[in-house]
Amino acid sequence: MSSPTAEGVSSDAQFRRRRELAETAARGGLGGAFYVLGWLVVAYGAGLHRSRPLLAAGLTGLFLLLAGLRLALGRRSAGQAEPIAPLLSAWWLLLLTTAALWGGLAVWVLLDPQMQPARLVALICTVAYATAFAHTFAMRWHYALLAIALLFLPSVVLSWFVVGFGGVAFALSVFLVYLLSALRQSRQQYERQLLLELALLHQRDLYEKQSRTDALTGLDNRREFAFNLERALIADGPLSLLLIDIDHFKLINDRYGHAAGDAVLTAFADQLREHFDGRGARLARIGGEEFAVLLAGADEDAAAAAALALCRRLARAPLAPNAERGAVTVSIGVGELRAERGQRSDDFLAAVDRSLYRAKAEGRNRVCRVER
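The sequence shown begins at 0 in numbering that gives the first Met the number 0 and counts up one residue at a time.
Here's what the structure looks like:
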């Protein structure tokens, strides 16, 4: 069985992956359209549709294909019917492929004299796309850094060797430093926001758990017991209920004090956990010294046997401080829900409660079944 801490870590990791996928899909879904638009402006500015129509059409088709794949992957990500890790890998494959394609295209525009009219547009688009990676894809910063390197770094390096581009090369180099700083800050901001959301989720879960749990014993409280009883009533298979009352509990409080009484209640709850471990039981404290055990899948004979074994267990392990063996006993009422009775939850609970009071009236420290 996983520890609460392990379960919490696993839940946090799952939340992080879901959040990363949602953010990546939201920010990357329409991004492909900007690459298509940027390429069309570059191609038109260089007159590529007239001089090299097949090349212009081929690259347009390639950018359209990548944009379409983003939209399709966005729809798959929205459903989250698939494992998250492969979807994230597919996203980054598309993002990095697009970045590498545009980075190569920018180098070609800088090197080809025929593309000279479109150089400024290509560089502006390159700056814009690299900025988008620094500010909007910091969820996985090392991939975003790789994308910036593929997209922007070739243009920065090459611009130093293009005649008349000295000022532009310096500006691009300075801007590269800014991009690295922006990526770092975006990552830190994303982590802060994520930690805040996780803290709020943990607080919500804590309040929800506290609303369903008895503060002293850690067992289900009466509200949660009523909910589980209603849910168990509509399930298939036998269902048995044990109502347990600690005998003469008021005397324990009077003799040893309420702190000792609380210690007895806590110790008894631990005994219940150990005794019913592995039986699929739902344990609850439904009153001061009254407890309930729901046994789904157990008939009345099995439930009564478990109740008798619990009485014997308590006789061997006294719960009251400084008490002789067997000083704390319990009275138990046992009943099984039977389809032919047509009982509601209130009727079923009342019938088992009557058997509990019969056990107390007959001398306590005993098990009584529901009378048929």
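Idealized CB from N, CA, C, for every residue including glycine. Predicted model, so just to flag it, every value in this text is computed and none were measured.
Three-way DSSP call (helix, strand, coil) for residue i in this model
i: residue 29; result: coil
i: residue 355; result: helix
i: residue 136; result: coil
i: residue 339; result: Bear in mind that the predicted position of residue 339 carries a pLDDT of just 49, short of 50, making it unreliable; the figure below should be weighed with that in mind. The answer is helix: DSSP assigns residue 339 an H, G or I state.
i: residue 289; result: strand
i: residue 233; result: coil
i: residue 315; result: helix
i: residue 64; result: helix
i: residue 161; result: coil
i: residue 364; result: coil
i: residue 219; result: strand
i: residue 284; result: strand
i: residue 262; result: helix
i: residue 295; result: strand
Residue nearest to residue i in terms of C-alpha spacing, selected from the options
i: residue 42; options: 121, 182 and 304; result: 121
i: residue 10; options: 44, 76, 204 and 35; result: 204
i: residue 346; options: 257, 369, 158 and 274; result: 369
i: residue 329; options: 350, 360 and 24; result: 360
i: residue 292; options: 63, 243 and 188; result: 243
i: residue 123; options: 151, 27, 239 and 135; result: 151
i: residue 24; options: 13, 68, 52 and 44; result: 68
i: residue 232; options: 348, 202 and 282; result: 348
i: residue 146; options: 46, 287, 33 and 179; result: 179
i: residue 158; options: 227, 118, 196 and 138; result: 118
i: residue 65; options: 52, 29 and 49; result: 29
i: residue 128; options: 88, 174 and 84; result: 174
i: residue 70; options: 107, 86 and 272; result: 86
i: residue 136; options: 189, 106 and 105; result: 189
Boundaries of the beta strand (DSSP E) in which residue i is found, first to last residue
i: residue 179; result: That residue, residue 179, is in no beta strand (DSSP E); its alpha helix (DSSP H) goes 165-211.
i: residue 277; result: No beta strand (DSSP E) contains residue 277, which DSSP labels as neither H nor E.
i: residue 335; result: 329-336
i: residue 100; result: Counting along the chain, residue 100 falls outside any beta strand (DSSP E), though it belongs to the alpha helix (DSSP H) covering 83-110.
i: residue 241; result: 238-245
Contacts around residue i, its chain only, beta-carbon distance under 6 Å, and the 5 residues preceding and following it disregarded
i: residue 284; result: 213, 216, 218 and 290
i: residue 91; result: 142
i: residue 73; result: 24 and 28
Inter-residue Cα distance where the pair is residue i and residue j
i: residue 234; j: residue 269; result: 28 Å
i: residue 278; j: residue 294; result: 8 Å
i: residue 115; j: residue 167; result: 14 Å
i: residue 371; j: residue 335; result: 11 Å
i: residue 95; j: residue 31; result: 12 Å
i: residue 372; j: residue 263; result: This structure gives no information on residue 372, because the portion of the chain shown stretches from 0 to 371.
i: residue 56; j: residue 164; result: 29 Å
Close-in-space but distant-in-sequence residues of the same chain around residue i (CB under 8 Å, 5 per side omitted)
i: residue 252; result: 259 and 260
i: residue 39; result: 59
i: residue 365; result: 310, 330, 331 and 358
i: residue 229; result: 344
i: residue 381; result: Summary: the structure shown does not reach residue 381, with the chain confined to residues 0 through 371, and so no result is reported for it.
Residue i: CB within 7 Å of a non-hydrogen atom of the ligand SAH
i: residue 134; result: Because no ligand of any kind appears in the structure shown, any question about the ligand SAH cannot be addressed here.
Own chain, CB closer than 7 Å to residue i, minus 5 neighbours either side, in chain order
i: residue 161; result: 109
i: residue 15; result: 193
i: residue 185; result: 133, 134 and 137
Terminal residues of the alpha helix (DSSP H) in which residue i lies
i: residue 248; result: 248-255
i: residue 49; result: 47-50
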